[in-house]
Amino acid sequence: MLGVGNEGMSTLPGLNQIQFEGFCRFIDRGLTEELFKFPKIEDTDQEIEFQLFVETYQLVEPSIKEKDAVYESLTYSSELYISAGLIWKNSRNIQEQIIFIGNIPLMNSLGTFIVNGIYRIVINQILQSPGIYYRSELDHNGISVYTGTIISDWGGRLELKIDGKGRIWARVSRKQKISILVLSSAMGSNLSEILENVCYPEIFLSFLNEKEKKKIGSKENAILEFYRQFACVGGDLLFPEYKCRELQKKFFQQRCELGGIGRRNMNRRLNIDIPENNPFLLPRDILTAADHLIGMKFGMGTLDDMNHLKNKRIRSVGDLLQDQFGLALVRLEKIIRETICGAIRYRYKLIPTPENLVTSTPLTTTYESFFGLHPLSQVLDQTNPLTQIVHGRKLSSLGPGGLTGRTANFRIRDIHPSHYGRICPIDTSEGINVGLIGSLAIHARIGRWGSIESPFYEISERSKRIRMLYLSPSRDEYYMVATGNFLALNRGIQEEQIVPARYRQEFLTIAWEQVHLRSIFPFQYFSIGASLIPFIEHNDATRSLMSSNMQRQAVPLSRSEKCIVGTGLERQVALDSGVPAIAEHEGKIVSNDTDKIILFGSGNALSIPLIIYQRSNKNTCMHQKSQVQKGKCVKKGQILADGAATLGGELALGKNVLVAYMPWEGYNSEDAVLISERLVYEDIYTSFHIRKYEIQTHVTSDGPERITNKIPHLEAYLLRNLDKNGIVILGSWVETGDILVGKLTPQMAKESSYAPEDRLLRAILGIQVSTSKETCLKLPIGGRGRVIDVRWIHKKAGSSYNPETIQIYISQKREIKVGDKVAGRHGNKGIVSKILSRQDMPYLQDGRPVDMVFNPLGVPSRMNVGQILECSLGLAGSMLNRHYRIAPFDERYEQEASRKLVFSELYEASKQTSNPWIFEPEYPGKSRIFDGRTGNPFEQPIIIGKPYILKLIHQVDDKIHGRSSGHYALVTQQPLKGRAKQGGQRVGEMEVWALEGFGVAHILQEMLTYKSDHMKARQEVLRTTIFGGTIPKPVDATESFRLLVRELRSLALELNHFLVSEKDFQIQRKEV
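In terms of UniProt numbering, the sequence shown has 212 at position 212, counting the first letter as 1, and numbering is strictly consecutive.
Listed below in structure tokens is the structure:
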């Protein structure tokens, strides 16, 4: 990658590295750490002792390949074996065996896991670091109240507070408050020890009255008082001494465990020197924290900023897997303890051996439930290569121990100065989770203690050599850091030069001599998504945020095309995503086929399989095309085959198309886009989508289901694609409603429904006559396409019957159509509103019709001017046959650098191609273009160019939906909701007002009755549709009204209602 200036080259780290490092840390250190915590287990009579020999553990090579795990829907995992011993204390015998503890899922070369055949990824969690934090807030009288919060390793809190009278209270887990003296006594200190270990004993003595003295008279009293306040129980409590010890251990060791990071933070903040291998909260911690709190009240010490990154830590894959491993070992310990005690109690009916004490269930089930249910374990988003990489670099504040989208305030979500170079200020999700889910900056890495480190160049007068430092957020506060995007760096530094810099969360301008560090790269503070936007410095941040999110939704097209204007990061993203096939060593191409490439090098032939038309998790098509010729020699690391959305080893998400910014008959108002039919007929925006349809056979109470092509009562036309087994033939073209797999479910009929001869057979011979119900797999609405794969998987089950799973894969070719969503790389998104024939599109002065027409009003108010620069530069590049790679913040080279570059390239293109309309000095970048329908020029010059436009995965084929009748909810009898359930369209309160405002009584009535929840009226509509006649008006109340009446009855309110006819009403009026 480009260095800033020429003095040093900074290479990007591997973009998947965070996942790999986390997993390696778990395998190398985490496993042994947790195994060493496993205790020796004795039975109650202390006759037998069980222990694990940690040094002997080994992970075995996985028994299946990744590819097979995906195909057969299995988990790609490794078996963990360890040596265990059983010691008989009476005879001093040791019985040692190697035992199988369970399976540990393995990470593959993409940084993901394969669980039940599905690619899953574990994203990193960003949490408040354990330790102590001081803050102050104003109470209702306007007086500052100081609080110290101790956060434990798992997120539990203990608060210390000084009230107006100078008394110190503690509150545990937001329960009732108790005096700090009671808390310290309960932890095991007596009064004299407390007063010796604090700096302000007189303050502690000032709130010690007789009642308090009684509470802390003995350790047991203090524990009882603490328990009474914590559990909110009244009355007199009495506990035996061992119970008190147990309570103390359970609370102060398990609930208040600080962990390694917490102990380190605590020592640092309170200036104490408790050894780091002591992870629990001690009385000394509490007393020193109280001292600091008193100091705060008198104006000594500094408050903490909870949102500073030095007070946060990252829980990566390794930490989460280690926690789960520890949990599984605790469960295993419990099982072993119960088994040993059971064996002793029943006097060795089962003679214990290490092998029959240990079961692999706890570990296997713990990991299964973790990958299946944990909020941080997600299905890998495989829309395109960029999506796969970005997904693994997410940072989430949500999840266990974290925040929730509903409760997090604005300050937590906001950008903090310490995010500089660590967390991207742009890339976050829109909606309720904004600011809670972030993305890691390009150069950031995770340090040993879970902090995010960012690299800087050290500037020193003495040595000319440039040194690169990785700094954690707590360290870079003390340095003056010069930003990488200012002119001074590139012009050669003059004396007395003033430069912008950052120091202790402030942005200052200082003399060059005072600068300690500088940024290494202009992209340093952006994530991958934001770094792929050219001219990002000319865009409003909100639009850049949309763009970095929308690039992840781009569908891989059938023929990829490189962008003319890019940022230079495209190659690295494509390589690290693992989508292209790369030569692992140099050699010669011996054979080059569609499904494999054979490479001969260093004396042996290596076969490299290629992916052909494989379905991704998002139903897009993954396919590799060979890029090398037979007989050619290749080097190590060279691209052998391109994958989906890559070309020549570079990311290629969209197409460069000719665009004009102008209004056109209102067809592009409000972000609509007008497109030319060329994009359809020349397959410019055509993509392939692969759907999976699955069916399983079960054993019912009446017998097993069977797969067959002989299905009664169905037309032959629907069964035309089935083979002799009853499964669809590979390569068939199938339409909605066709049968993919024929299946019959046995069903015993009721006695009354048998024919007389069947009844006779049963009575005489006892023969059961069964009827079958067809439960075939039919192709749902919108699922037409070509069958490209059929998988018939037999699962091995314990019983005599093995269940079968049949998966049918159907490929669809989708051209761009009205209702599809397209977007540029600057947050300029729109829906295709009309496809116009080529001759009607506006055309340029050389006769070329435009491909897309965008609305010019989408630019000024949204302030994403980068699209205009990209558009014009793309035009120049296509004329000159050049590609541009533009680093952001190019004003550090000269002022107005972007505009100068674009204009100079346009001018050169106009000269070289002898087309003066490309650059007209009166209105540079604009040109006179003509209306295709009349041939007349448009009134104003119009900006035209070639930006890079993507087709997004929000396609109209997946969204379009209609319903005439369908399923109804059981209780309210109203139609269900959503496309998947074939649901209806809701007519809500405001829609009813609109219909009332128009006075459309009949439409309103049928919306609220026939089409909704009037059961009798619905049946009448059906009857009159079949037999003819007029639809009668509904006379009684709807089902939802009757439901309301019943609910009121359950509250003992009787609501009587009756309908008054017009005739009755007139009679009553006469009487009146």
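Just so you know, even glycine gets a beta-carbon here, dropped at the ideal spot from N, CA and C.
Should residue i go down as buried or exposed, given a rule of 16 or more other Cβ atoms within 10 Å for buried?
i: P130; result: buried
i: H1002; result: exposed
i: L599; result: buried
i: N490; result: Low confidence applies here, because N490 scores a pLDDT of 49, under 50, leaving its location unreliable; read the following figure in that light. N490 should be labelled exposed.
i: A876; result: buried
i: M841; result: buried
i: A763; result: exposed
i: Q176; result: exposed
i: H1014; result: buried
i: L2; result: Since pLDDT at L2 reaches only 32, below the 50 mark, its modelled position is unreliable, and the value read off the structure follows with that caveat. It counts as exposed.
i: L181; result: buried
i: K1063; result: exposed
i: V741; result: buried
Cutting at 7 Å between CB atoms, please list the residues of its own chain near residue i, excluding the five before and the five after it.
i: R25; result: G318
i: D540; result: R862, M863, N864
Using 9 Å as the threshold, is the C-beta distance between residue i and residue j below it?
i: R691; j: Q553; result: no
i: A660; j: F854; result: yes
i: I150; j: A289; result: yes
i: L532; j: S519; result: no
i: H516; j: S418; result: no
i: L880; j: A909; result: yes
i: T339; j: P352; result: yes
i: N721; j: I707; result: no
i: S1012; j: G966; result: no
i: L640; j: A583; result: yes
i: T620; j: S687; result: yes
i: S206; j: I194; result: no
i: T483; j: A501; result: yes
Pick from the options: whose alpha carbon is nearest that of residue i?
i: I286; options: S189, T364, G299, F371; result: S189
i: P1032; options: E1006, L1055, S418, L1051; result: E1006
i: I335; options: I520, T361, D153; result: T361
i: S927; options: E513, M296, I99, P916; result: P916
i: K67; options: I612, G731, G648, G983; result: I612
i: S872; options: F930, N828, I831, I942; result: I942
i: E21; options: V358, R467, G392; result: G392
i: S73; options: E896, G259, E804; result: E804
i: M296; options: A994, A1052, Y133, I389; result: Y133
i: K165; options: I294, Q839, P534, A84; result: I294
i: E650; options: I426, H689, S560; result: S560
i: residue 1078; options: R263, T745, S83, H689; result: The structure shown does not extend to residue 1078, since the chain is modelled only from 1 through 1072, so no value can be given for it.
i: G935; options: L844, R885, K946, I868; result: L844
i: R791; options: K625, I806, I727, L777; result: I806
i: N93; options: M546, E47, V122; result: E47
Could you pull out every residue in the same chain whose Cβ sits closer than 8 Å to the Cβ of residue i, ignoring the five residues on either side in sequence?
i: E137; result: S144, V145, T147
i: R120; result: T112, F113, I114, F371, S377, Q378, V379, L380
i: G447; result: E453, Y470, S472
i: G8; result: Residue confidence for G8 is low, a pLDDT of 43 falling below 50, so the modelled location carries little weight; the figure read from the coordinates is stated next. Result list for G8: Y457, I466, M468, I520, in chain order.
i: G601; result: H585, E586, G587, K588
i: L35; result: L52, V54, Y57, I82, L329
Leaving aside the five residues before and after residue i along the sequence, list all residues of the same chain whose C-beta is less than 6 Å from its C-beta, in chain order.
i: E49; result: K40, E42, I87
i: A488; result: Because the pLDDT at A488 is just 49, under 50, the model does not fix this residue reliably, and the value given afterwards should be weighed accordingly. So the list reads Q497, V499, once near-sequence residues are dropped.
i: I944; result: A660, S927
i: G438; result: L395, I423, T428
i: N124; result: I314, S316, L395
Would the C-beta of residue i count as close to the ligand ZN, meaning under 8 Å from any of its heavy atoms?
i: E430; result: With respect to the ligand ZN, the structure offers nothing, as it holds no ligand at all.
What alpha helix (DSSP H) runs, 4 residues minimum, are completely inside the region 272–330? The qualifying runs are 283–297.
Threshold first: 4 residues or longer. Then list the alpha helix (DSSP H) segments lying entirely within the region 817–888, N to C. Counting whole runs of 4 or more residues, the region 817–888 contains the alpha helix (DSSP H) stretches 866–880.
Restricting to runs no shorter than 4 residues, where is the alpha helix (DSSP H) found entirely within the UniProt domain "RNA polymerase Rpb2" (378–446)? Whole alpha helix (DSSP H) segments, 4+ residues: 385–392, 410–413.
Those runs of the beta strand (DSSP E) which lie wholly inside the region 639–714 and span at least 3 residues: Runs of the beta strand (DSSP E) inside the region 639–714: 639–642, 659–661, 672–676, 687–696.
Segments assigned alpha helix (DSSP H), at least 4 residues, entirely inside the region 11–58: Taken in chain order, the complete alpha helix (DSSP H) segments of 4 residues or longer contained in the region 11–58 are 17–25, 31–36.
Along the chain, which unbroken stretches of the alpha helix (DSSP H) at least 4 residues long are found entirely within the region 874–958? The qualifying runs are 897–912.
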